[in-house]
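>
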Amino acid sequence: MREEIEGRTFDVLVIGGGHAGLTAAVCAAEKGATVCVLEGAPHTHRGGNSRHTRNLRAMHDAPTDVLTDAYPEQEYWEDLLRVTKGKTNEQLARMAIRGSSESVAWLQDHGVHFQPALGGTLHLGRTNAFFMGGGKAVMNALYRSARDLGVVVAYDAPVKDLDFQDGFFQSATVESKEGTYVAKAKTLVASAGGFEANLEWLEEAWGPTAKNFLIRGTPYNRGDLLKTLLACGAQQIGDPKQCHAVAIDGRAPKFDGGIVTRVDCVSLGIVVNVNGERFYDEGEDFWPKRYAIWGRLVAGQPEQLAHVIIDKKSEGMFMPPVFKPEVADTIPELAAKIGVPVETLEQTVSDFNAAVVDGAFNHTELDDCHTEGLAVNKTHWARTIDKPPFRAFSLRPGITFTYLGVGVNERAQMLMDDGKPSANVFAAGEIMAGNVLGEGYLAGIGMTIGGVFGRIAGKEAARHALN
Numbered sequence: 002m003r004e005e006i007e008g009r010t011f012d013v014l015v016i017g018g019g020h021a022g023l024t025a026a027v028c029a030a031e032k033g034a035t036v037c038v039l040e041g042a043p044h045t046h047r048g049g050n051s052r053h054t055r056n057l058r059a060m061h062d063a064p065t066d067v068l069t070d071a072y073p074e075q076e077y078w079e080d081l082l083r084v085t086k087g088k089t090n091e092q093l094a095r096m097a098i099r100g101s102s103e104s105v106a107w108l109q110d111h112g113v114h115f116q117p118a119l120g121g122t123l124h125l126g127r128t129n130a131f132f133m134g135g136g137k138a139v140m141n142a143l144y145r146s147a148r149d150l151g152v153v154v155a156y157d158a159p160v161k162d163l164d165f166q167d168g169f170f171q172s173a174t175v176e177s178k179e180g181t182y183v184a185k186a187k188t189l190v191a192s193a194g195g196f197e198a199n200l201e202w203l204e205e206a207w208g209p210t211a212k213n214f215l216i217r218g219t220p221y222n223r224g225d226l227l228k229t230l231l232a233c234g235a236q237q238i239g240d241p242k243q244c245h246a247v248a249i250d251g252r253a254p255k256f257d258g259g260i261v262t263r264v265d266c267v268s269l270g271i272v273v274n275v276n277g278e279r280f281y282d283e284g285e286d287f288w289p290k291r292y293a294i295w296g297r298l299v300a301g302q303p304e305q306l307a308h309v310i311i312d313k314k315s316e317g318m319f320m321p322p323v324f325k326p327e328v329a330d331t332i333p334e335l336a337a338k339i340g341v342p343v344e345t346l347e348q349t350v351s352d353f354n355a356a357v358v359d360g361a362f363n364h365t366e367l368d369d370c371h372t373e374g375l376a377v378n379k380t381h382w383a384r385t386i387d388k389p390p391f392r393a394f395s396l397r398p399g400i401t402f403t404y405l406g407v408g409v410n411e412r413a414q415m416l417m418d419d420g421k422p423s424a425n426v427f428a429a430g431e432i433m434a435g436n437v438l439g440e441g442y443l444a445g446i447g448m449t450i451g452g453v454f455g456r457i458a459g460k461e462a463a464r465h466a467l468n
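Numbering (the working numbering), first residue to last: 2 to 468.
1. Check each candidate in 76, 24, 168 and 281 and name the one with the smallest Cα separation from residue 381.
2. Measuring CB to CB, does residue 158 end up less than 8 Å from residue 41?
3. I need the boundaries of the alpha helix (DSSP H) containing residue 182, first residue and last residue.
4. For residue 441, which residues of its own chain have a beta-carbon under 7 Å away from its beta-carbon, when the five flanking residues on both sides are left out?
5. Residue 25 to residue 59, Cα distance in whole Å?
6. Ends of the alpha helix (DSSP H) at residue 446?
7. Can you tell me which residues form a DSSP beta bridge with residue 58?
8. Taking residue 151 and residue 30 to be in contact with their CB atoms under 8 Å, please state how far apart those CB atoms are, rounded to whole angstroms.
9. Does the distance from the CB of residue 44 to the CB of residue 260 come in under 8 Å?
10. Taking the C-alpha atoms as reference points, what is the distance between residue 419 and residue 238?
11. Looking at the structure shown, is residue 236 part of a helix, part of a strand, or coil, going by DSSP?
12. When the Cα atoms are used, what is the spatial distance from residue 327 to residue 271?
13. On the DSSP letters alone, give me the boundaries of the beta strand (DSSP E) that residue 248 sits inside.
14. Can you tell which of 109, 182, 341 and 227 has its C-alpha closest to the C-alpha of residue 5?
15. Nearest-angstrom Cα distance between residue 11 and residue 154?
16. With a cut-off of 8 Å, do at least 3 Cβ pairs link the region 418-436 to the region 316-333?
17. Buried or exposed for residue 376, please, with buried defined as at least 16 other CB atoms from any protein chain shown within 10 angstroms of its CB.
18. Between the alpha carbons of residue 1 and residue 118, how many angstroms are there, rounded?
19. Between residue 388 and residue 314, is the Cβ-Cβ spacing less than 8 Å?
20. Just verifying my parser: in three-state terms, what is the DSSP assignment at residue 140?
21. How would you label residue 110, buried or exposed, when you count the other beta carbons within 10 angstroms and need 16 or more for buried?
22. If you drop the 5 nearest sequence neighbours on each side, which residues of the same chain put their C-beta closer than 7 Å to that of residue 268?
23. Suppose contacts are defined by Cβ-Cβ distances below 8 Å. Is residue 296 in contact with residue 398 by that definition?
24. Can you tell me whether residue 392 is helix, strand or coil according to DSSP?
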């Protein structure tokens with residue numbers, strides 16, 4: 002592949018071969034640009050974290066073939082405002098929301114298939130379109146589209162340096178198995194993700210607690226491109242401690258466990274730390290609007306470890322993770338199995354059960370089942386934990402992607418530290434998601450941001466290069 006790249010000047014160079022990068026590459030090629038994609042991972046792991054995704058959140062004003070009812074712009078915006086606590090760029094956020102209305106059709110036009118609207122406890126049939134075959138099928142379809150358009154793709158091609166002149170991109174230095182070479186282009190689209198797989202960088206932000214974090218996604222997102230762009234004068238956006246941090250099964254692998262490690266029964270039970278004590282409202286809101294806060298919550302607990310406990314009443318009401326739970330016929334037996342103090346856990350469960358106010362349980366609505374009188378009350382879906390067998394899933398912080406990134410404008414142009422846009426550098430995906438996500442997360446919005454800004458970046462890069 003080196004011989005196809007070295008000595009040639011492309012119209013558009015895309016660094017990072019995930020959903021955002023491939024979307025940009027396809028859009029640029031459709032505009033008539035010559036495009037090269039540098040993917041740091043091997044072919045087997047191409048696609049970054051997009052391999053592990055399963056849906057995107059899409060605005061729509063009427064039912065579609067893959068979404069029920071309607072999910073209008075204002076509701077989408079209010080959902081985002083709530084989870085980010087206002088830490089978002091409204092102009093860019095609304096661009097992502099409005100652009101999401103075209104995302105499903107665009108992907109379908111490029112070979113991606115979707116499932117019928119989803120039902121069940123995730124409450125996503127109205128808001129999120131699910132990919133048939135998951136994220137890997139999405140990436141395979143986009144790589145096929147890119148190939149058919151003549152896009153040159155190099156795997157095992159990590160970029161180690163960039164040549165910038167007064168904010169103007171000139172070339173990228175690639176260190177591959179074929180040796181070191183230079184890739185030149187008239188424009189650059191940066192789409193190489195965050196730094197979540199860089200454990201040393203995570204520890205700089207979080208301190209020693211980061212050693213216990215599990216990385217849900219690719220081990221190749223080490224933030225090398227992000228660090229280089231910042232060193233070249235790119236505007237920094239976001240807090241290095243802010244990230245998409247989900248509570249996942251504590252037995253998951255250190256890297257690349259993916260979405261199957263997620264535990265989705267938190268809202269149906271109670272969560273205790275290693276001391277056997279509850280520490281947060283498990284029923285605060287629908288799970289897709291709260292699941293991404295639980296990684297940070299568990300990160301703040303002793304040993305960065307917790308356990309979600311359910312009883313027989315919750316069986317079959319959630320998507321089971323890949324790892325089986327600990328099972329026991331009594332709470333003391335369960336406490337011994339998960340290693341928490343027996344008496345404390347017994348008291349926690351007893352106090353919780355006594356505080357439950359009976360209501361009409363309905364896991365598809367914000368029901369009236371709640372607790373009263375506890376230091377930490379449960380707002381919805383509170384039912385007594387009293388029907389064996391009892392089950393416990395261990396929880397650890399699972400980091401999906403980080404929000405530290407580069408600033409962009411409405412054309413997806415990367416901003417420099419003086420606030421002015423770089424003439425020929427664009428950004429899409431996780432590397433700029435912090436413009437929209439100051440904190441918190443909505444299920445599926447990462448793919449929305451990647452798709453919308455990938456399309457913008459690809460078209461704008463091609464227009465700049467060809468004009």
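Cβ atoms here follow ideal geometry from the backbone N, Cα and C, with glycine treated the same way. Everything numeric in this text was worked out from a predicted model, so none of it was measured.
Quick look at the numbers:
1. Residue mapping note: residue 381 aligns to position 380 of the sequence shown, counting from 1. Closest in alpha carbon position to residue 381, among 76, 24, 168 and 281, is 281.
2. Here residue 158 refers to the residue found at position 157 when the sequence shown is read from its first residue. Here residue 41 refers to the residue found at position 40 when the sequence shown is read from its first residue. Taking C-beta atoms as the reference points, residue 158 and residue 41 count as a pair closer than 8 Å.
3. Start at 1 with the first residue of the sequence shown, and residue 182 comes out as number 181. Residue 182: not part of any alpha helix (DSSP H); member of the beta strand (DSSP E) spanning 180-191, first to last residue.
4. On the sequence shown, residue 441 is found 440 positions in, with the first residue counted as 1. Same-chain partners within the cutoff: 84, 85, 86, 293 and 294.
5. For the purposes of this step, residue 25 is identified with residue 24 of the sequence shown, where counting begins at 1. For the purposes of this step, residue 59 is identified with residue 58 of the sequence shown, where counting begins at 1. Cα to Cα, the separation comes out at about 19 Å.
6. Stepping through the sequence shown from its first residue, residue 446 is reached at position 445. Residue 446 -> alpha helix (DSSP H) spans 446-467.
7. The sequence position of residue 58 within the sequence shown is 57, counting from 1. DSSP, once it has assigned bridges, lists 129 as partnering residue 58.
8. Working through the sequence shown from its first residue, we reach residue 151 at position 150. Working through the sequence shown from its first residue, we reach residue 30 at position 29. Contact between residue 151 and residue 30 holds, since their C-beta atoms are separated by about 6 Å, short of 8 Å.
9. Within the sequence shown, residue 44 is the residue found at index 43, counting from 1. Within the sequence shown, residue 260 is the residue found at index 259, counting from 1. Contact flag unset, no.
10. The count along the sequence shown starts at 1 and reaches residue 419 at position 418. The count along the sequence shown starts at 1 and reaches residue 238 at position 237. So the alpha carbons of these two residues sit roughly 13 Å apart.
11. Your numbering for residue 236 matches position 235 in the sequence shown. Three-state DSSP puts residue 236 in coil, outside helix and strand.
12. Reading the sequence shown from its first residue, position 326 is the one you call residue 327. Reading the sequence shown from its first residue, position 270 is the one you call residue 271. Cα to Cα, the separation comes out at about 15 Å.
13. Translated into the one-based positions of the sequence shown, residue 248 becomes position 247. Residue 248 -> beta strand (DSSP E) spans 244-250.
14. What you label residue 5 is simply residue 4 of the sequence shown in a count that begins at 1. The alpha carbon of residue 5 has as its nearest neighbour, out of 109, 182, 341 and 227, the alpha carbon of 182.
15. Residue 11 sits at position 10 when you count from the first residue of the sequence shown. Residue 154 sits at position 153 when you count from the first residue of the sequence shown. Within the model, the alpha-carbon separation for residue 11 versus residue 154 is close to 12 Å.
16. Touching, no.
17. Position 375 of the sequence shown, counted from the start, is the residue given in the question as residue 376. Of the residues assessed, residue 376 falls on the exposed side of the cut-off, its CB having fewer than 16 other CB atoms within 10 angstroms.
18. Residue 1 lies beyond the stretch modelled for the chain, which goes from 2 to 468, so this question has no answer here.
19. As a first step, residue 388 must be located in the sequence shown, where it is residue number 387. As a first step, residue 314 must be located in the sequence shown, where it is residue number 313. By the CB criterion at 8 Å, residue 388 and residue 314 fall inside the cutoff.
20. Position 139 of the sequence shown, counting from 1, holds the residue named residue 140. DSSP places residue 140 in helix when its eight states are reduced to three.
21. As a working mapping, residue 110 is identified with position 109 in the sequence shown. Counting every other CB atom within 10 Å of its CB across the protein chains shown gives residue 110 a total below 16, marking it as exposed.
22. For this step, residue 268 is matched to residue 267 along the sequence shown. So the list reads 283, 284, 288 and 382, once near-sequence residues are dropped.
23. The count along the sequence shown starts at 1 and reaches residue 296 at position 295. The count along the sequence shown starts at 1 and reaches residue 398 at position 397. Contact flag set, yes.
24. Residue 392 sits at position 391 when you count from the first residue of the sequence shown. Three-state DSSP puts residue 392 in a strand.
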